[in-house]
Amino acid sequence: MDHYMSIADNIPKMEMKADSQSQAWARSARNVLIITCESIAETINQANVYAQKQDNPFFCLPANKQLTASVLNELIQQTYKEIPELQKDRMTVSEVAWIAVKKNFPCKQRSTHAKEMEHVSALFSH
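Residue numbering for the sequence shown follows the numbering used here, starting at 451 and increasing by one per position.
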């Protein structure tokens, strides 16, 4: 996680430099973070789809929102900054990503009554 944040923190600094090597490094580093987040986002989304099928999703995205690589990248960086120092050094990028999506896109707990009504409704629809 420290390496990830080091890269993320250095991208703006390198973009500000005028030399072409710094600019190339910044572009390459940004691509590395996006590819990393793309892979993590795909995995998290697939796990959540499976969990939804079990009627127990990990997180619930708003209807107009997708968990893209750039969204996840922002959430990871924001969440990392909020984690206590003692925990930061032991966490992986994936762990921070899970915390981020669960925190930012919590599922509303359905009441027992709503679940019962859904069950009754399903019985009558067959």
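Here a beta-carbon is modelled for each residue, glycine too, at the ideal position from N, C-alpha and C. Source: prediction; values computed, not measured.
The continuous alpha helix (DSSP H) containing A550 extends over residues V543 to N554.
Judged by DSSP secondary structure, I490 falls within the alpha helix (DSSP H) whose first and last residues are S470 to K503. Across the set E492, D469, P512 and Q527, the C-alpha of Q527 shows the shortest separation from the C-alpha of I457. A straight-line Cα-Cα distance of about 18 Å links M455 and V551. Contact check for W548 against I494 passes: the beta carbons are separated by less than 8 Å. Per the coordinates, the alpha-carbon of Y530 lies some 7 Å from the alpha-carbon of K538. The Cβ neighbour count for N506, taken over all protein chains shown within 10 Å, is under 16; the residue is labelled exposed. Annotation: Q504 to A519 spans about 25 Å, alpha carbon to alpha carbon.
When DSSP states are grouped into helix, strand and coil, N523 belongs to the helix group. A straight line joining the alpha-carbon of M451 with that of I533 spans about 12 Å.
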